[in-house]
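Notes to accompany the following structure.
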Amino acid sequence: MLIGVVGKPNCGKSTFFKAATLAEVEIANYPFTTIEKNEGVAFVKIDCVDKEFDLKCNPKFGYCTNNERFIPTQIIDVAGLVPEAHLGKGRGNQFLDDLRQADALIHIIDVSGSTNEKGEPVESLSYDPANDIRFLEVELDMWYLRLIKKGWEDFVKKVVQEKSEVNKALSHHLSGLGISEKLVEETIKKLELELDISKWDEETLKKIAVELRKETKPMIIACNKVDVQGGYENFEKLKKQFPEDILVPCSAESELALKEAAKHELIKYVPGSGSFEIINNEKLSEKQKNALEFIKTNILQKYKTTGIEEVLDKSVFELLKYIAVYPVANHKLADKDGNILPDCFLVPENITALEFAFKVHTDIGNNFIKAIDLKTKQAVGKEHILKNRDVIEIVTSK
Ligand SMILES: Nc1nc2c(ncn2[C@@H]2O[C@H](COP(=O)(O)OP(=O)(O)OP(=O)(O)O)[C@@H](O)[C@H]2O)c(=O)[nH]1
Ligand SMILES: [Mg+2]
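All residue numbers for the sequence shown refer to the numbering used here, where the first residue is 12 and numbers rise by one.
The structure is reproduced here in structure tokens:
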């Protein structure tokens, strides 16, 4: 699972990335601070099943606090994208190739409207962040179009000469984007295209780019910098113009401050929660106390959370509709070292018990006999569809 962070320069991508991963990255109030991509590990959250089994889990990857299990997932932060990047503006769109493998995108916008489309600081509320939502989609479409058109003439010649099957050939041509034959077939049908690809003009290729981008890069919008004046008003305005369920109010800077304070054991804070507890009042400077008070009243009490965990969780569980499943070695839910519920996998919805077995290990898939749903204690077969928070023991012949 890979999540890409995109947006114009200076909107807070690296701050979001750092708040999610606590990796050391450069953050600064000017455009194009980030040039080379940053890759790291973020965590998505589920209610852990350990409570239901009256156990305390020992995650091999990620962690569990207050019966909330944090599951690792890859995240990548890239340079900023400006209008007409596809024509070479800003840093162009070549760097987006780093996001080819991304399953979903988080679009960070500066909802306070205090930076223009190039990421340059302007007076707050003087720039409409709705522009950013629109232009970024266009630039992503142009990126897809560039990849489709790469070697297009030769590709078409070859397909015509060899009378290749179009779906297969096109999916191969776009294999870098992970586009399946099925998706190509559905897209051709949906756009009612003729099968002779030598007749496809620029407009047709553009339509294909838009469709494939939407399907393969579902996107959520992190309305960042809600802590800045104007953020609230703009967020309310955006809710009237775009589907509300893809907009999340965020303050990456607040999340970063809370995570750092928790790391230094000044406060207790579980990511995604609506409160924190000061545990080392003496060590806090006046400035830190004021900052924490600001976050409490202006972010947590107003928006419930800083939004960062919510954006990550929504990307994985709502946009991508993934589920979390625990594979276990036996009915005690422990591995050979006695670790309870050591693994938790993020997998696509509708996955079968056999497909899941293969995800755990090829040998486990190959030697699959049956699976046991440890919540119901029922044995289930290969075709059984797994659900979110299932705990599955796989019985093998070896
Ligand atoms: N007030 C406020 N400032 C923020 C927030 N998130 C980021 N910033 C500030 O915005 C500026 C840009 O942040 P970065 O994270 O470097 O932005 P970026 O999108 O990675 O920028 P580029 O790498 O240049 O594209 C920095 O001064 C941050 O401190 C936020 O939630 N609230
Ligand atoms: Mg950056």
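For glycine and all other residues, C-beta sits at the position ideal for the given N, C-alpha and C. These numbers were taken from a predicted model, which means no experiment stands behind them.
- For residue 160, the CB contacts under 7 Å within the same chain, skipping 5 residues up- and downstream, are 216 in chain order.
- The Cβ atoms of residue 51 and residue 27 lie no closer than 9 Å to each other.
- Taking C-beta atoms as the reference points, residue 355 and residue 82 count as a pair closer than 9 Å.
- Residue 168 and residue 362 have their C-alpha atoms some 39 Å from each other.
- Within a 10 Å sphere around the beta-carbon of residue 387 sit fewer than 16 other beta-carbons, which makes this residue exposed.
- Taking a 10 Å sphere around the C-beta of residue 285, we find fewer than 16 other C-beta atoms and assign the residue as exposed.
- Each of 308, 289, 178 and 118 was checked against the Cα of residue 229, and the nearest Cα belongs to 118.
- In the same chain as residue 315, and ignoring 5 residues on each side of it, the C-beta atoms closer than 7 Å to its own belong to 285, in chain order.
- Contact between residue 241 and residue 124 holds, since their C-beta atoms are separated by about 6 Å, short of 8 Å.
- When distances are taken from the beta-carbon of residue 101 to the heavy atoms of ligand 2, even the shortest one reaches 8 Å or more.
- Between residue 93 and residue 15, the CB-CB gap reaches or exceeds 9 Å.
- Shown here, residue 170 sits in a helix according to DSSP, grouped into three states.
- Distances taken from the Cβ of residue 137 to the heavy atoms of ligand 1 include none shorter than 8 Å.
- Looking at the DSSP output, residue 288 shares a beta bridge with 279.
- Taking a C-beta distance under 9 Å as the contact criterion, residue 337 and residue 403 qualify as a contact pair.
- DSSP, read as helix, strand or coil, puts residue 12 in coil.
- Each residue's CA atom was taken as its position, placing residue 149 and residue 231 some 15 Å apart.
- When the five nearest sequence neighbours on each side are left out, the beta carbons in the same chain lying within less than 7 Å of the beta carbon of residue 380 are those of 406, 407 and 408, in order along the chain.
- From the listed residues 30, 20 and 326, the smallest Cα separation to residue 131 is found for 20.
- Judged by their CB atoms, residue 397 and residue 114 are not nearer to each other than the 9 Å cut-off.
- With a cutoff of 8 Å, residue 40 counts as near ligand 1, since its C-beta is closer than that to a heavy atom of the ligand.
- In terms of CA proximity to residue 391, 368 leads the group 63, 368, 30 and 251.
- Of all alpha-carbon atoms in 179, 223 and 371, the one lying nearest the alpha-carbon of residue 153 is that of 223.
- If you check the C-beta of residue 24 against ligand 2, you find a heavy atom less than 8 Å away.
- Within its own chain, the residues whose Cβ lies closer than 6 Å to the Cβ of residue 371, once the five positions on either side in sequence are excluded, are 338, listed in chain order.
- Contact check for residue 69 and residue 282: beta-carbon distance about 20 Å, past the 8 Å limit, so the pair fails to qualify.
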